[in-house]
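Remarks on the structure that follows.
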Amino acid sequence: MKLLAFAASSSKKSVNKQLVTYAANLLAGAEVEVLDLNDYELPLFSVDKEADLGKPALAQAFLDKIAASDAILISFAEHNGSYSAAYKNLFDWCSRANGKVFQGKPMVMLSTSPGARGGASVLAAATGSAPFFGGQLKASLSVPTFYENFDVEKQELKNEELKAKLLAALATLA
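Counting the sequence shown from 1 gives a position; our numbering is that position plus 1084.
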């Protein structure tokens, strides 16, 4: 299985990138590619920019990565209860090129944050909208209080209950 994984964040020290990288590598036998949203930075989307630029090559390249995968794993950063600007902008550009951004791929959605809700608001928005954009949502999991539940030095979940839930979520992709 070709697994495409990314954090919906542009932070170089993203806790969501740490989580999604860890999670992706738990899927035994998967060929994993972890993308960095910083490699797909585009001008802020507007219909005026779209008229000027057409379909940007970086948006198409991102869609091509999705097309070439068998499954998708995303961990969402929460900014003021919603998507990060970097993810939302890339998603907006991609959705104009292909309204079914996720192209029928099975997917697991995660979120985490230093706070007690673990990005639950953005995860709810993402899981609720995934089917409208061609995603086959198989499972989702919010990891609260990242620094209490994740060993940054070892780059692994130290909370066994959360690890079991993550493994169960990932098993839905197999």
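No residue lacks a Cβ here, since even glycine has one placed at the ideal position from N, Cα and C. None of these values were measured; they are calculated from a predicted model.
Tell me the rounded alpha-carbon separation between residue i and residue j.
i	j	result
Gln1102	Glu1162	15 Å
Lys1149	Gly1218	15 Å
Gly1199	Pro1228	6 Å
Ala1152	Lys1086	8 Å
Asp1123	Leu1207	23 Å
Ser1095	Glu1125	12 Å
Ser1179	Leu1119	18 Å
Phe1146	Leu1225	24 Å
Asn1233	Gly1202	11 Å
Gln1144	Leu1257	25 Å
In chain order, what residues of the same chain lie with their CB nearer than 7 Å to the CB of residue i, ignoring the 5 residues before and after it?
i	result
Leu1254	Ala1107, Leu1110, Leu1111, Val1192
Tyr1231	Pro1198
Val1116	Leu1087, Ala1089, Ala1108, Asn1109
Val1187	The question names Val, but residue 1187 is Gln in the sequence shown. Here the set comprises Ile1150, Ala1151, Gly1218.
Ser1274	Given that the chain is displayed from residue 1085 to residue 1258, the structure contains no residue 1274 and the question cannot be resolved.
Looking at the strands, I want to know which residues DSSP matches up with residue i.
i	result
Val1118	Ala1089
Glu1240	Asp1235
If you follow the beta strand (DSSP E) that residue i is in, where does it begin and where does it stop?
i	result
Gln1220	1220-1227
Looking at the secondary structure, which residues open and close the alpha helix (DSSP H) in which residue i lies?
i	result
Asn1100	1099-1108
Gly1113	Here Gly1113 belongs to no alpha helix (DSSP H), and DSSP marks it neither H nor E.
Thr1211	1204-1213
Less than 6 Å between C-beta atoms, sequence neighbours within five positions excluded: which residues of the same chain meet that for residue i?
i	result
Ser1093	Asn1100, Ala1161, Ser1168
Handout entry: Inside the segment 1127-1201 only - beta strand (DSSP E) runs reaching at least 3 residues
Key = 1155-1160, 1190-1196
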